[in-house]
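Protein chains in written order, with our numbering: chain Y, 22 to 403; chain W, 22 to 403. Backbone N, C-alpha and C fix where the C-beta goes; we use that ideal spot for every residue, glycine too. Remember, it's a predicted structure, so these values are computed and weren't measured experimentally. What follows is a set of notes on a single structure, which appears directly below.
What follows is the structure, given as structure tokens:
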């Protein structure tokens, strides 16, 4: 083959996706497969979004969307941040993206340069490192298991070098479900400002909160440092629609939008209209949150009743479970054996950089989740 | 602002898009604006696509699409290339992309490295250079105005250096409407193979052909060298849906798909289903082709009757008109004055690297196009 980008040898298709695809082999056995891998909501998107999108398609206005996203959607996002988070965001500080993935990709391509270092919390979402590597930079992973899975200024200080360019954060956290405290959030913001760092805050689970409040890194101060990534995939079950957004300073947006335009032109106009309905008419997702919260409770209670203690999630849609007291197997061996023997698929913690954990996605009805946990417990007994 | 990618200073939002946006100021005057800028089909998408997509949305199966694109769509594309072009393409050699833009972006990020040179024909589609620049490479533009707007092996030979990595081609050409001859196509393929170059062939206008045959660079030979980019925006008027595809060797696809996954995850499942209907049920677009062909004839006839001779397009949806015998104005001055004085918007040739041309898009009904040409002729008289 003719020479290609050598950095591509350093990255792989996401382990989560690989395990999800491997599940297909186990789909037609005697025992029904319980797939708790990929973080894809099983709860259907609100009917209003479906119906409204269909009505919109009938208008036939399906040409190129406005550069950076349709203005009505950007206005709704702006209003939402004002009302819910008390943050002033102009519609011209928003770019509507092809899911939060394109948001991340566009941001990293814009602000991360070869040789840069980017600090993130360990465990981390597996989508970050490949983008950092493709940008010629290095992801520095800071173990947070001793600080309640929160990144702290102390740990940032220990890892700060002349090359440090940015911090990528993901709270509520995938995989741990932890929310960042207001104190830690404020200290990290100050640290970023005084050290001239970008904060890339992936808040795609911001609306799925069980306890306490979500502390967004987007505040009225620090706007030059903070780049927010969010989307509708998790909050409104719009995974396949591929629709998210970036919020940044106006100045940075002028650069981000160049990368965005030449990478994708725009997200689908149909998906943008769906997101507009989500923003306008379906902002209250408390029923959905209650479902995930109840599922989290059921899984945690069941595990704890048998002496197995996961991290209790404060948000997002996952349970992160330590294997330390449970098994000597690596997370991948554990996940593979569990899949083979008990037909339960979970994500090995190694996908998030922690080989002594597994992640259970709360994306099945609580009865199925209960059965899944039963099988995990049965597997542990052996 | 904190330091960002310095290459971004070298690129701008596409001139076509800027002019299209500038048109908005002229939309509410006495005289109606005739906007012949952006290459966006005015012909609606086939009703079957709209209706079928709506039916699909009602099924509620709107989760993450399969990695690389839904298999049914990749199978249909594979069949299409077999039936129409006699080329064997496995579904596993196809990646479904967010329009041909993401296709281009993914390909360039995968195969073009810093320091590389990429040869293209002048005039060229404005989307190429920014992506090449962002990859740290250089676009070498070869004037084709003396060779009937076709890239030839002779011109490639003259521009070949040790750094040459790829050739980007766009036939049928935007802006010239020229088709590449079988002879030139074959010679370029051989040249690419013997010099170890990639051919990135953007064939997004492949189905809109007025005269002769489209000679695709995708043949059963040279598969290791050729990467095809195509999409449904132009052929099926699905611009806002953002749906296209890449065809490559299997080996290269394994690398392309990593970049694709981490850049966008996937194109919208809704758009993929729309494209599936386009592929399955709407492959005959001869009526659409006839409309563009008739429009091209009307515009050319009208201009020629007054002694103005554009390049007669053999395909695509544009008329490229030399200003040499017409005016001393630069293409941008010409376009600006034409817009101000006659309320006709065209794209200045400088957007395609040729300042002595303008591009007229055939994206309005022929009566409106006639009126547009009348106004251009009136403007020329002054």
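Spatial distance of residue i from residue j (CA atoms)
| i | j | result |
| --- | --- | --- |
| residue 166 (chain W) | residue 143 (chain W) | 8 Å |
| residue 44 (chain Y) | residue 35 (chain Y) | 14 Å |
| residue 145 (chain W) | residue 375 (chain W) | 9 Å |
| residue 48 (chain Y) | residue 393 (chain Y) | 15 Å |
| residue 98 (chain Y) | residue 82 (chain W) | 26 Å |
| residue 251 (chain Y) | residue 199 (chain W) | 43 Å |
| residue 26 (chain Y) | residue 156 (chain Y) | 11 Å |
| residue 320 (chain Y) | residue 281 (chain Y) | 40 Å |
| residue 173 (chain W) | residue 384 (chain W) | 30 Å |
| residue 134 (chain Y) | residue 185 (chain Y) | 11 Å |
| residue 337 (chain W) | residue 128 (chain W) | 23 Å |
| residue 187 (chain W) | residue 327 (chain W) | 42 Å |
| residue 330 (chain W) | residue 324 (chain W) | 6 Å |
| residue 93 (chain Y) | residue 303 (chain Y) | 15 Å |
| residue 205 (chain Y) | residue 91 (chain W) | 43 Å |
| residue 159 (chain Y) | residue 140 (chain Y) | 9 Å |
| residue 215 (chain Y) | residue 171 (chain W) | 56 Å |
| residue 404 (chain W) | residue 23 (chain W) | For chain W, the structure presents residues 22 to 403; residue 404 (chain W) sits outside this window and is missing. |
| residue 40 (chain Y) | residue 368 (chain Y) | 7 Å |
| residue 257 (chain W) | residue 150 (chain Y) | 37 Å |
| residue 162 (chain W) | residue 178 (chain W) | 13 Å |
| residue 236 (chain Y) | residue 333 (chain Y) | 18 Å |
| residue 312 (chain Y) | residue 192 (chain W) | 53 Å |
| residue 386 (chain Y) | residue 138 (chain W) | 54 Å |
Identified DSSP bridge partners for residue i
| i | result |
| --- | --- |
| residue 476 (chain Y) | Because residue 476 (chain Y) is not part of the residues shown, which for chain Y are 22 to 403, the question remains open. |
| residue 164 (chain Y) | Y:143 |
| residue 343 (chain Y) | Y:378 |
| residue 223 (chain W) | W:250 |
| residue 360 (chain W) | Paired residue(s): none; residue 360 (chain W) is not in a bridge. |
| residue 151 (chain Y) | Paired residues: none, contrary to the question. |
| residue 195 (chain W) | DSSP, once it has assigned bridges, lists no residue as partnering residue 195 (chain W). |
| residue 266 (chain W) | W:117 and W:251 |
| residue 60 (chain Y) | Residue 60 (chain Y) is not bridged to any residue. |
| residue 369 (chain W) | W:379 |
| residue 230 (chain W) | W:336 |
| residue 55 (chain Y) | Y:365 |
| residue 172 (chain Y) | According to DSSP, which records beta bridges pairwise, residue 172 (chain Y) is partnered with nothing at all. |
Contact check, residue i vs residue j, beta carbons under 8 Å
| i | j | result |
| --- | --- | --- |
| residue 276 (chain W) | residue 29 (chain Y) | yes |
| residue 253 (chain W) | residue 264 (chain W) | yes |
| residue 195 (chain Y) | residue 60 (chain Y) | yes |
| residue 103 (chain W) | residue 109 (chain W) | yes |
| residue 89 (chain Y) | residue 278 (chain Y) | yes |
| residue 341 (chain W) | residue 380 (chain W) | yes |
| residue 299 (chain Y) | residue 37 (chain Y) | no |
| residue 229 (chain Y) | residue 255 (chain Y) | yes |
| residue 32 (chain W) | residue 154 (chain W) | yes |
| residue 291 (chain W) | residue 291 (chain Y) | yes |
| residue 231 (chain Y) | residue 314 (chain Y) | yes |
| residue 261 (chain Y) | residue 86 (chain W) | yes |
| residue 378 (chain W) | residue 401 (chain W) | no |
| residue 189 (chain W) | residue 245 (chain W) | no |
| residue 107 (chain W) | residue 233 (chain W) | no |
Cβ-based contacts, 9 Å cut-off: residues of the segment 166 to 188 of chain Y near chain W: Going along the segment 166 to 188 of chain Y in chain order, one finds 186 and 187 with a Cβ nearer than 9 Å to chain W.
Is it true that the segment 115 to 123 of chain W meets the segment 279 to 288 of chain Y, where meeting means three or more beta-carbon pairs spaced less than 8 Å apart? yes
Specify whether the segment 52 to 63 of chain Y and the segment 361 to 370 of chain Y touch according to this definition: at least 3 beta carbon pairs, one from each stretch, less than 8 Å apart. yes
Of all the residues that make up the segment 281 to 302 of chain W, which are near chain Y by a beta-carbon distance shorter than 9 Å? Answer set for the segment 281 to 302 of chain W: 282, 283, 284, 285, 286, 287, 288, 289, 290, 291, 292, 293 and 295.
Do three or more CB pairs link the segment 63 to 71 of chain Y to the segment 95 to 115 of chain W at distances below 8 Å? no
What are the residues of the segment 107 to 120 of chain W that lie near chain Y, defined by any Cβ-Cβ distance shorter than 7 Å? Under the 7 Å Cβ criterion, the segment 107 to 120 of chain W contributes 119 and 120.
Please name the residues in the segment 54 to 74 of chain W whose beta-carbon is closer than 8 Å to at least one beta-carbon of chain C, in chain order. This model lacks chain C altogether; the protein chains it does include are Y and W.
Which residues, taken in chain order from the segment 222 to 235 of chain W, show a beta carbon closer than 7 Å to some beta carbon of chain Y? none
By the 9 Å beta-carbon criterion, what residues does the segment 234 to 266 of chain W contribute toward chain Y? 245, 246, 254, 258, 259, 260, 261, 262, 263 and 264
Near-chain Y residues of the segment 82 to 94 of chain W - C-beta to any C-beta below 9 Å: For the segment 82 to 94 of chain W, the set of positions with a beta-carbon nearer than 9 Å to some beta-carbon of chain Y reads 82, 83, 84, 85, 86, 87 and 88 in chain order.
Three-pair Cβ contact test at 8 Å for the segment 379 to 397 of chain Y versus the segment 211 to 221 of chain Y: no
Can you confirm whether the segment 230 to 244 of chain Y touches the segment 69 to 81 of chain Y when touching is taken to mean that 3 or more C-beta pairs between the two stretches lie within less than 8 Å? No: fewer than three Cβ pairs fall under 8 Å.
Please identify, using Cβ separations under 8 Å, the residues of the segment 143 to 161 of chain W that lie next to chain Y, in order along the chain. 148, 151, 152 and 155
When Cβ atoms are compared, which residues of the segment 348 to 367 of chain Y fall closer than 7 Å to chain W? none
Short of 9 Å Cβ to Cβ, which residues in the segment 24 to 37 of chain Y face chain W? 24, 25, 26, 27, 29, 30, 32, 33, 34 and 35
With 9 Å as the limit, tell me which residues of the segment 185 to 212 of chain Y have their beta carbon closer than that to any beta carbon of chain W; keep them in chain order. 186 and 187
Under 9 Å, CB to CB, which of the residues in the segment 309 to 326 of chain Y have a partner in chain W? Listed in sequence order: no entries.
Identify each residue in the segment 372 to 401 of chain W for which the Cβ-Cβ distance to at least one residue of chain Y is less than 7 Å, and report them in chain order. none
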